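First the structure, in the form of structure tokens, and then the observations on it.
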Ligand code: NDP
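Numbering (our numbering), first residue to last: 29 to 275.
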């Protein structure tokens, strides 16, 4: 199985895990659609990839907005002919106690982490079913396997991603030859913690960084490459990847 020449859509490609994975895909000969809202960041990454001889296109996309997703997916398919891989990675984690009633943050997490992932899946699926092949990688989390205090809504969204991924795999893999991988990282260095508005939880997350060596975004990219490069008959259904020091 070689991924060279395949076409991938990466959501949340403007920072962290998405940017690192997009770069690694491009280094391995994949043509990459870089999707997120911050087009300036995406354009920088696009230029970086092109400068090293890779192929990439920056796509301004809000995964919450179905029309924006449809337009972005069409742009990618028009540029490179089809879509073989989607990395559903866009997400956010503004954590707080439920009793703080930060309801707009709850809705935002549900919208981006769940509905956004559903929107991109729906938009790319026709390309994959038509060609009877494809690989969908969905980003859940360690918070999609267990629940942490203060992360109730975030955990709910990431459990939803894990459940959806498993159902999706059962439906798509045997019938359409489309592999589905659910990745569940532990703590990774990224901008994810910068959007926590609750001061106590923001401080707690800062302290956590001093207690262990977090994964690098590139570590996650490596595991995704492992799943993508597996032989055709192998579906790496789950990837649970933790910092060695994380319990
Ligand atoms: P970052 O904050 O660095 O990246 C999040 C990405 O999501 C950004 O590129 C952002 O781009 C994008 N994004 C947010 N909202 C939208 C939107 N509405 N439409 C399109 N893109 C959007 O964090 P990470 O790289 O850490 O996070 C990536 C994924 O990994 C998330 O799903 C996160 O939950 C998950 N994860 C992270 C862990 C960690 O410890 N870091 C652990 C486990 C899972 P922009 O703002 O430009 O739109």
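We put the CB at the ideal spot given by N, CA and C, even for glycine.
Only a predicted model underlies this, so the values are computations on that prediction, with no experimental measurement involved.
Integer-rounded CB distance, given that residue j should sit under 8 Å from residue i
i	j	result
residue 74	residue 84	5 Å
residue 34	residue 112	4 Å
residue 36	residue 58	5 Å
residue 124	residue 172	Wrong, their Cβ atoms sit about 19 Å apart, outside the cutoff.
residue 91	residue 140	6 Å
residue 168	residue 193	7 Å
residue 294	residue 120	Because the chain in this structure spans residues 29 to 275, residue 294 falls outside the shown range and cannot be described.
residue 212	residue 127	Not quite, the Cβ-Cβ distance comes to about 28 Å (not below 8 Å), so this is no contact.
residue 242	residue 216	6 Å
Beta-ladder partner(s) of residue i, from DSSP
i	result
residue 262	Answer is none; residue 262 lacks a bridge partner.
residue 210	166 and 266
residue 147	Answer is none; residue 147 lacks a bridge partner.
residue 61	37 and 85
residue 216	243
8 Å Cβ cutoff, residue i in contact with chain D
i	result
residue 78	As a matter of chain content, chain D is missing from the structure shown, which is built from one protein chain.
* Asked: With a cut-off of 8 Å, do at least 3 Cβ pairs link the stretch 220 to 231 to the stretch 47 to 66?
  -> no
* Asked: Does the stretch 208 to 215 come close enough to the stretch 154 to 172 that 3 or more CB-CB pairs lie under 8 Å?
  -> yes
* Segment contact flag, the stretch 146 to 163 with the stretch 105 to 119, C-beta cutoff 8 Å, min 3 pairs -> yes
* Taking only runs that begin and end inside the stretch 93 to 137, name each unbroken beta strand (DSSP E) of 3 or more residues, in chain order. => 113 to 116
* Asked: If we count Cβ pairs, one from each stretch, closer than 8 Å, do we get three or more for the stretch 228 to 239 versus the stretch 185 to 192?
  -> no
* Say whether the stretch 66 to 82 touches the stretch 241 to 257, bearing in mind that this needs 3 or more beta-carbon pairs closer than 8 Å, one atom from each stretch. => no
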